[in-house]
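Here the structure comes first, spelled out in structure tokens, and everything after it is commentary.
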Amino acid sequence: AHVGGMDLCARSFLTAAKLIEEGEYDAILTDRYAGWKTPEAQAMFNGKLSLEEIAAKAEKDAIQPQPRSGRQEKIENLLARKIYRDLQ
């Protein structure tokens, strides 16, 4: 059982390395979290703005957020395809 577990870990690391090298997963994540790259978003993320300041800005700018897919299923399917491919 121990050897089988180690084989699985090794295969998992090889698959993860391929995911990184191919860049598709990174591109999806970069697009998904692109909004957090702005200075204002970083200030919120890093706790430099209070909830009151964030709320005041949202009211002042009349922000109307629109739902946007995080493409969770696409990401899960990509990972499943890559893992399955490496099992062949």
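Sequential numbering of the sequence shown, starting at -7, is according to our numbering. Note that the Cβ used here is the ideal one computed from N, Cα and C, for glycine as well.
Start-to-end residues for the alpha helix (DSSP H) that takes in residue i
i, result
"Y25", "Premise fails: Y25 is in no alpha helix (DSSP H) and is neither H nor E."
"K40", "Careful: K40 lies outside any alpha helix (DSSP H) and carries neither H nor E."
"S4", "-6 to 14"
"I75", "64 to 79"
Own chain, CB closer than 7 Å to residue i, minus 5 neighbours either side, in chain order
i, result
"F37", "W28"
"R3", "D78"
Own chain, CB closer than 8 Å to residue i, minus 5 neighbours either side, in chain order
i, result
"K10", "K74, D78"
C-beta atoms of residue i and residue j nearer than 8 Å
i, j, result
"L43", "A35", "no"
At least 3 beta-carbon pairs within less than 8 Å: the stretch 55 to 71 vs the stretch 20 to 29
yes
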